[in-house]
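First the structure, in the form of structure tokens, and then the observations on it.
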Amino acid sequence: MAASSASEYIKHHLGNLTYGQLPAGYERTCHGHDQTLNDATWTFACNAQEASDMGFAAFHVDSLAWSGGLGILMCFLFWLMARKASAGTPSGMLNFVEMIIEFIDTQVRDSFHGKSKLIAPLSLVIFCWVFLMNLMDLIPVDWVPLTFQWIMTTFFGWSAHEAYFRIVPTTDPNITMSMSICVFFLVVFYSIKVKGVGGFMAELSFKPFEAKGPLGKIILLPINLVLETISLLSKPVSLGLRLFGNMYAGEFVFILVAAMMGTWQAVAAWPWAVFHILVITLQAFIFMVLTIVYMSMAVEEH
Amino acid sequence: MNINATLIGQAIWFALFVFFCMKFVWPPISRALDERKQKIAEGLSAADRAERDLELAQEKASANLKDAKDKASEIIEQANRRANQIVEEAKDQARTEGERLIAKAQSEIDQEINRAREELRKEVSALALSGAEKVLAREVNRDSHKQLLDELAAQL
């Protein structure tokens, strides 16, 4: 085991490989020697403290690389299949892709009654991409990080504890929140596009407490506005945190098992992985369905 | 668990992938699915049509078969009738021929009988005459007794 104690092991496994900007005058100990930065510098964080000191100007390289890589893989496969797609008899992988597309099309048609060229591919990307990212959770927790650690220590002179690496992007709140915020902006955009700015504001102002006269409306307006704004803002937060929470908890169990049982982790990790397959699929599905539901709520009058 | 610019990076990935799928993945596959759906629907209706056609053809075929059978049995019946007729005619012909032959034979027989009888009569009259001649020893004049002798010959 790389870290000296279980708690350090766990902490190390929960740290991201962070590339960001450290401010001028920052004192750090990195790659085995002390240094003080003269200028604000873009660099890899050597420990958790540095990563948090970087503030907003930092990227989780591992999360972005894995999510991007998986997304590119997914798009590439879909693109290959799309080129082969014809009205004739499908075969092999194309069958599978068509099955997914049919499934998502059914989901979209069931709950989204507006017309949009975006919603179906959006759902497709969300479902498949999130599923793939979640799927990384089933790779035994040490395989990829230890490989990365070996590469960085052998070829780049890093210390072992500086080589943070996480391969499940959905256990990074940045990833899930980013997607849910994108969905949120789409929801707002579609609301305004369909109902107009006035309609959108009216929806925020005159519900859920309705009044007949104009005076009543004005009296109820502040409370309505507060309630509706909270409910609007809670959507992306709950959407992103639900996925993050589920995946993080699952990942955490794997890490705990690995920390406690070491080489024998498979005994406990295997049953958990089997159960986790359900969580992985379900969370991807929930994220997609909620996206469709929010989008349809945005488009429909109610 | 820091919130940082990863948010923006991931949003860019997200937008890219959604855009890509919206442009290059979803439309061709969904078009292919729609086309296939239509093709299958057409195929099914064609199959229905074909089934109806088959039924019609079968009906027609069985009607033709029935016709042919009727005609064949009619022809056979005619042939049988004709055969019977021919047999009857042949029988008739044979019968008349037979009767004719019989009649001819009968008349020949009658002729023979008459001729024989005639000869016999002549011989008997000659015999009787010679006998009488012998008995009477020239006492009989052939010319004078000619009438008597003729009568005798006629009675034989």
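Line by line, the protein sequences give chains A and B. Using UniProt numbering, you'd call the opening residue of the first sequence number 1 and step up by one each time. Using UniProt numbering, you'd call the opening residue of the second sequence number 1 and step up by one each time. Glycine included, C-beta positions come from ideal geometry on N, C-alpha and C. Predicted model, so just to flag it, every value in this text is computed and none were measured.
Same chain, Cβ closer than 7 Å to residue i, neighbours up to 5 away in sequence not counted
{"i": "residue 132 of chain A", "result": "70 and 74"}
{"i": "residue 98 of chain B", "result": "none"}
{"i": "residue 129 of chain B", "result": "149"}
{"i": "residue 287 of chain A", "result": "126, 130, 239 and 243"}
{"i": "residue 1 of chain A", "result": "Reliability of the predicted coordinates at residue 1 of chain A is poor, the pLDDT of 42 falling under 50, and no value is obtained from them."}
{"i": "residue 24 of chain A", "result": "37, 38, 39 and 40"}
Environment of residue i [buried if 16+ CB atoms lie within 10 Å]
{"i": "residue 28 of chain A", "result": "buried"}
{"i": "residue 170 of chain A", "result": "buried"}
{"i": "residue 275 of chain A", "result": "exposed"}
{"i": "residue 49 of chain B", "result": "exposed"}
{"i": "residue 265 of chain A", "result": "buried"}
{"i": "residue 12 of chain A", "result": "buried"}
{"i": "residue 39 of chain A", "result": "exposed"}
{"i": "residue 251 of chain A", "result": "buried"}
{"i": "residue 53 of chain B", "result": "exposed"}
{"i": "residue 158 of chain A", "result": "buried"}
{"i": "residue 143 of chain A", "result": "exposed"}
{"i": "residue 218 of chain A", "result": "exposed"}
{"i": "residue 107 of chain B", "result": "exposed"}
{"i": "residue 162 of chain A", "result": "buried"}
{"i": "residue 197 of chain B", "result": "In the structure as shown, chain B begins at 1 and stops at 156. Residue 197 of chain B is therefore absent and cannot be evaluated."}
{"i": "residue 18 of chain B", "result": "buried"}
{"i": "residue 92 of chain A", "result": "exposed"}
{"i": "residue 90 of chain A", "result": "buried"}
{"i": "residue 5 of chain A", "result": "exposed"}
Coil, strand or helix - residue i by DSSP
{"i": "residue 58 of chain A", "result": "strand"}
{"i": "residue 145 of chain B", "result": "coil"}
{"i": "residue 164 of chain A", "result": "coil"}
{"i": "residue 3 of chain A", "result": "Interpretation of residue 3 of chain A is limited by its pLDDT of 43, a score under 50 that renders its predicted location unreliable; the figure taken from the coordinates is listed afterwards. Three-state DSSP puts residue 3 of chain A in coil, outside helix and strand."}
{"i": "residue 305 of chain A", "result": "Residue 305 of chain A cannot be examined here, being either before or after the span of chain A that is shown, 1 to 302."}
{"i": "residue 101 of chain B", "result": "helix"}
{"i": "residue 159 of chain A", "result": "coil"}
{"i": "residue 207 of chain A", "result": "coil"}
{"i": "residue 15 of chain A", "result": "coil"}
{"i": "residue 108 of chain B", "result": "helix"}
{"i": "residue 300 of chain A", "result": "coil"}
Beta-carbon proximity list for residue i, same chain, < 6 Å, skipping 5 on both sides
{"i": "residue 240 of chain A", "result": "176, 177 and 180"}
{"i": "residue 273 of chain A", "result": "138"}
{"i": "residue 184 of chain A", "result": "236"}
{"i": "residue 191 of chain A", "result": "200 and 298"}
{"i": "residue 61 of chain A", "result": "17 and 19"}
{"i": "residue 66 of chain A", "result": "167 and 169"}
{"i": "residue 257 of chain A", "result": "265, 268 and 269"}
{"i": "residue 3 of chain A", "result": "Note on residue 3 of chain A: pLDDT 43, under 50, position unreliable in the model; the coordinate value appears next. Same-chain partners within the cutoff: 9 and 12."}
{"i": "residue 128 of chain A", "result": "74"}
{"i": "residue 165 of chain A", "result": "17, 62, 145 and 148"}
Cβ of residue i within 9 Å of any chain D Cβ
{"i": "residue 189 of chain A", "result": "This model lacks chain D altogether, as its protein chains are A and B."}
Close-in-space but distant-in-sequence residues of the same chain around residue i (CB under 8 Å, 5 per side omitted)
{"i": "residue 204 of chain A", "result": "224, 225, 228, 229 and 232"}
{"i": "residue 105 of chain A", "result": "120"}
Residue ranges of each alpha helix (DSSP H) within the stretch 105-153 of chain A, 4 or longer = 119-135
inquiry  = Closer than 7 Å between beta carbons: that is the criterion. Which residues of the stretch 216-250 of chain A meet it against chain B?
reply    = none
request  = Pull out every residue of the stretch 171-182 of chain A whose Cβ sits closer than 8 Å to any Cβ of chain B, in chain order.
outcome  = 172, 173, 174, 175, 177, 178, 179, 181 and 182
message = Give the list of continuous alpha helix (DSSP H) stretches no shorter than 4 residues that lie fully inside the stretch 2-74 of chain B.
response = 6-20
inquiry  = Give the list of continuous beta strand (DSSP E) stretches no shorter than 3 residues that lie fully inside the stretch 19-105 of chain A.
reply    = 27-30, 33-36, 41-44 and 58-60
request  = Compile a chain-ordered list of the residues in the stretch 92-104 of chain A whose CB is closer than 9 Å to at least one CB of chain B.
outcome  = 94, 97, 98, 101 and 102
query = Taking a cut of 7 Å between CB atoms, which residues from the stretch 26-56 of chain B lie near chain A?
reply = 26, 28, 29, 30, 32, 33, 35, 36 and 39
request  = Could I get the ranges of all uninterrupted alpha helix (DSSP H) runs contained in the stretch 210-279 of chain A, with 4 residues as the minimum, in chain order?
outcome  = 214-261
message = By the 9 Å beta-carbon criterion, what residues does the stretch 68-79 of chain A contribute toward chain B?
response = 68, 71, 72, 74, 75, 78 and 79
inquiry  = Which residues of the stretch 37-56 of chain A have a Cβ closer than 8 Å to any Cβ of chain B? Give them in chain order.
reply    = 51, 52, 54, 55 and 56
inquiry  = Output needed in chain order: residues of the stretch 118-135 of chain A with a Cβ under 8 Å from some Cβ in chain B.
reply    = 118, 120, 121, 122, 124, 125 and 129
message = Residues of the stretch 279-298 of chain A in Cβ contact with chain B at a cutoff of 8 Å, in chain order, please.
response = none
inquiry  = Against chain B, which members of the stretch 145-166 of chain A pass a CB distance test of less than 9 Å?
reply    = none
ask   = Can you list, in chain order, the residues of the stretch 4-25 of chain B whose Cβ is nearer than 8 Å to any Cβ on chain A?
value = Those residues of the stretch 4-25 of chain B that come within reach of chain A (Cβ to Cβ, closer than 8 Å) are 4, 5, 6, 7, 8, 9, 10, 11, 13, 14, 15, 16, 17, 18, 20, 21, 22, 24 and 25.
request  = Determine which residues of the stretch 11-36 of chain A have a Cβ less than 7 Å from any Cβ of chain B, and write them out in chain order.
outcome  = Here the close residues are 20.
inquiry  = If the cut-off is 8 Å on Cβ atoms, which residues from the stretch 62-73 of chain B count as contacting chain A, listed in chain order?
reply    = Listed by position, the residues of the stretch 62-73 of chain B near chain A (Cβ gap below 8 Å) amount to none.
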